[in-house]
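What follows is one structure encoded as structure tokens, with my remarks underneath.
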Amino acid sequence: MAEKYDPVELDSKWQRRWEEARVSFVDTSDGADKFYMLNMFPYPSGSRLHVGHGRNYILGDALYRRERMAGRRTLNPMGWDAFGLPAENAAIASGVPPREYTTGNIGRMKEQLKSLGLLYDWSKELASCDPAYYRWNQWLFLRMWERGLAYRKTAPVNWCPGCRTVLANEQVVDGRCERSGDAVEIRDLTQWFFRITDYAERLLAGLENLDWPERVKVMQRNWIGRSEGAEVFFRVDALVEPIPVFTTRPDTLFGATFLALAPEHPAAARLAERSPVPADLSRFIERIRRTSRLERESDTGEKEGMDTGITALNPATGDSIPVWLANFVLPDYGTGAIMGVPAHDQRDFEFARRYGLPIRPVYRTDDREPDPEEMTEAAPDGGVLYGSGDWNGTANGPEAVRIANAWIEAHGLGKARVGYRLRDWLISRQRYWGTPIPAVHCPDCGVLPVPDEELPILLPEDVAFRGVEGNPLEQSEAFVATSCPGCGGPARRETDTMDTFVDSSWYYLRFLNPGDTSRMVDSQRAAKWMPVDQYVGGIEHAILHLLYARFICRVLKDLGLVSLEEPFARLFNQGMITKLNPATGKIEKMSKSRGNTVSPDELITRFGADTVRVYTLFIGPPEKESEWSEEGVAGAWRFLQRVHDVCGRALAQPGGDLPADSPLTRFAHRTIQRVSEDARRFHFHTAVAALMEFQRALADAMEAGGEAPGTVRWGAELLVRLLHPIAPHLTDEWWERFGHRTFLVDSAWPSFDPALATTERVTLVVQVNGKVRGRLDLERGAPEPDALALARADKKIRTWIEGREIARTVYVPDRLLNLVLR
RNA sequence: GCCGGAGUGGUGGAAUGGCAGACACAGGGGACUCAAAAUCCCCCGCUCGCAAGGGCAUGAGGGUUCGAAUCCCUCCUCCGGCACCA
């Protein structure tokens, strides 16, 4: 009987050995056979990892080990997305300084990752809160500023009263702060932005050839939200300059019966002044502006507006049309002003009906002109243009838009234009724990960039958090007081810090030269190692992080630092782990706040890391969500016990030569094929199933005897090799006991002989009229006549075909014979 | 509302045009044991039948095909994303 399987001892033994041998170290100055594998770097939170987090890392490590065994020089680095609000909130709650808090969390989290047997190249570890890292955020910011890609503007912004900071649009979910859940207010503040909209077209085009999940690409496409149309100028009484309007339907220009501006529109206040009812309009503007984003968005049905009493000119018809202010016109999309075409736009229709504005159809079908009086909703697309001058008779569609655009341009009334839903990236945060923005405010010279030589602008560490209102950096006179880089006079530093998504938008490059003090990116190493070949992380980053990273990579390309636009060649999003929430009685995503977490720590102590890994990978297809089961863990444990046991018995067998052809060797080759294909698709759950079957076959063969000497031993060694990416500790142990002196990650992934990955005999399914009526055992590759003869002779099948004519046979060799009667 | 994805035993799931339910979990039975634990073996979709065997079954309905969980159409449900985007 083999000795007891003691996983805890094996865990510590092999984790120590791997670390001592620096088994995961990669020299990135050499790019030969490179494979860059990357898990999204985590935020080092104060709570322990649960098995839901574990899935991401275990999957990554299995892929990494498998890629190593396939012979690639695989880089698998890890770092820390270490800036962010929780550390600052902890400082406010408990007084622990953010750096101390963060450093402590990193230490604990690193130990936890190691306890799962994950092999990261820790020599490249980085943390975004390290000045050696964030100084390059500042450097990048300055380069972007020089190029007009970073700029300041006063804008109505999303303000989270709970976090006391501005949020990006992406961080507002259902009108609430994605982090704290507070209702978001609208405030006017001067903020720093990155001009991501300049890159909208390139970001959209780049999606085409990415090997990414389709759903993520679709989400990004929708987020960028490209639409083709035209910008048309409307002359307005009482204003000198015309109001530009963006429309995707320039072909309906003759049907525009009113103009509507967002209350936030720059011209709205001036229109109010010159209107017959200035006070009413001012109140309306104020009321809409103060409305929180939540209310304005939840208010989907209520379209509200106010007539300015001023008129504009429809440039196509020459008619006077009223100018309104309306709450459904968004200030930050298009031009913040629309032409209202009630006959052909549902929103405009509802607005026109509510306020009695004229409705003028411009498309008709089959000689029937729609009667505005009878319309209950905007007309559906279709028909041909009428009442539209030269455009009359054109069918609804792209051609009509083309004709309209040409006419508008020819008459100098506007131009064809592409609009995007995407808005510029607001990067200012009125918080402490982030990268200081390297700008200086001088009373004489204005806002000036910090000279490169002064970088990094260090975050002061002696700042008070408890009982402090506003941005803590403003409290630090030592930080704020400086001299102007222009005139040398007294000046004040910018106290906003950068959104932490800036940190995570280029860290994948920094793993190639983490300690480099002379430059942000090592272009030569980047040329050798980029792109990341396989990126693994949660679907929750489908838009934010992944879009920003693709943007910054393009900026770095334009700066000449890298030569590629797409940083992540392949992306994989693992599904969440769910579990019953005792509070709600529902199956929900595992999270600390829901109180339904399972800690890997206890499981590792009881069963060892390999059991946690096997079960996590076995639980289901990794791209889907899966429910955690305590009982399932025990099943994984039993499997590893059996592997241990079968290896123990195989050790007593003679080792040696490649075994001869036998049922077991054929099953083994088939298993290599299955596991290899499954691993390529990340389907470790079916790979584990195949290995469970193989383990059983091996044990049965041992029991039965009859295999040639050496075959069983060879099979056990094969089992250990195939199982290594999934259960590394147990398998490295047995690899050593079997007399090998290498680590399994440094051994070759087994290859199979296609001729042996099949059985010699096959079970042929015999169908009669498509229904299974029997099975035949015959030699692989048997010709159809042989199979047919056997089928006719079969007693069971005969009863089904007796006395009837076979009209047709369908024969799929080695699989199926279908007899179609009559 | 629009755009994606999914729906298979008691449960997680397998099979992506060719034997539906691999592999597990739970459950039932048995072996070993003084006993228990552990371990091992057998059974395990529904239904008719003593049995041999038959019928039904992959959310619902229809279609294509010799053959459909898989492809197509309509509908239902659930999950995710977006949502006055002009």
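Okay, so the first sequence: first residue is 0 according to numbering that gives the first Met the number 0, each after it adds one.
Heads up, the beta-carbon is just placed ideally off N, CA and C, and yes, glycines get one too.
All values reported here derive from a predicted model rather than from experimental measurement.
Taking D532 as the centre and dropping the five residues before and after it, the same chain places the C-beta of F34, Y35 and A568 closer than 6 Å to its C-beta, in chain order. When the beta-carbon positions are compared, D32 and R71 come within less than 8 Å of each other.
Boundaries of the alpha helix (DSSP H) harbouring P97: P97 to S114, taken from the DSSP string. Leaving aside the five residues that flank A377 on each side, the residues in its chain whose CB is nearer than 6 Å to its CB run, in chain order, H343, D344, Q345 and F348.
A271 is not a Cβ neighbour of G339, given a cutoff of 8 Å. Per the coordinates, the alpha-carbon of D813 lies some 11 Å from the alpha-carbon of R774.
Its Cα nearest to that of M374, the residue R363 stands out among R363, Q573 and R736. The bridge partners DSSP lists for S746 come to none. Around the CB of H723, 16 or more other CB atoms lie within 10 Å, so the residue is classed as buried.
Short of 6 Å from the beta carbon of W144, and not among the five residues preceding or following it, lie these beta carbons of its own chain, in chain order: P448. Between the alpha carbons of G78 and D60 lies a distance of about 15 Å.
CA-to-CA, the gap between L816 and E676 works out to about 28 Å. Remark: C-beta atoms of I320 and L384 do not approach each other more closely than 8 Å. Sequence-distant partners of A69 (beyond 5 residues in either direction) whose C-beta falls short of 6 Å from its own C-beta, in its chain, are W748. Look at I185 here: in three-state DSSP terms it is strand.
According to the DSSP secondary-structure assignment, L775 is paired through a beta bridge with L763. Annotation: the continuous alpha helix (DSSP H) that includes D347 extends over Q345 to Y354.
Where S319 is concerned, the enclosing beta strand (DSSP E) starts and stops at S319 to A325. The beta-bridge partner set that DSSP reports for K527 is empty. By the Cβ neighbour-count rule, P489 is exposed, with fewer than 16 other Cβ atoms within 10 Å of its own. The C-alpha of V761 lies about 54 Å from the C-alpha of I223.
Judged by DSSP in its simplified three-state form, H440 adopts strand. The beta carbon of L511 sits closer than 7 Å to the beta carbons of T27, D521, R524, A525 and W528 from its chain, once the five residues preceding and following it are set aside; these are given in chain order. Separation of the CB atoms of V322 and T310 is rounded to 6 Å, and the pair is thereby assigned contact status at 8 Å. For the beta strand (DSSP E) assignment, the uninterrupted runs of no fewer than 3 residues enclosed by the stretch 491-575 are, from N- to C-terminal side, 533-537 and 570-573. Out of G802, R807, E801 and F617, the CA that lies nearest to the CA of P784 is found in R807. With contacts defined by Cβ atoms closer than 8 Å, L508 and W138 do not form a contacting pair.
The DSSP-derived three-state label of I426 is coil.
An exposed status is given to P653, since fewer than 16 other beta-carbon atoms sit within 10 Å of its beta-carbon. Our two residues, E565 and W135, have alpha carbons roughly 20 Å apart in a direct line.
Here I337 is bridged, per DSSP, to A259. Spanning the alpha carbons of G308 and A278 requires a straight line of approximately 13 Å. At a Cβ-Cβ threshold of 8 Å, T710 and A689 do not count as neighbours. In the DSSP assignment, C128 falls outside any beta strand (DSSP E) and carries neither an H nor an E. It is roughly 13 Å from the alpha-carbon of T164 to the alpha-carbon of T499. Within the DSSP bridge table, the entry for T164 names C159 as partners.
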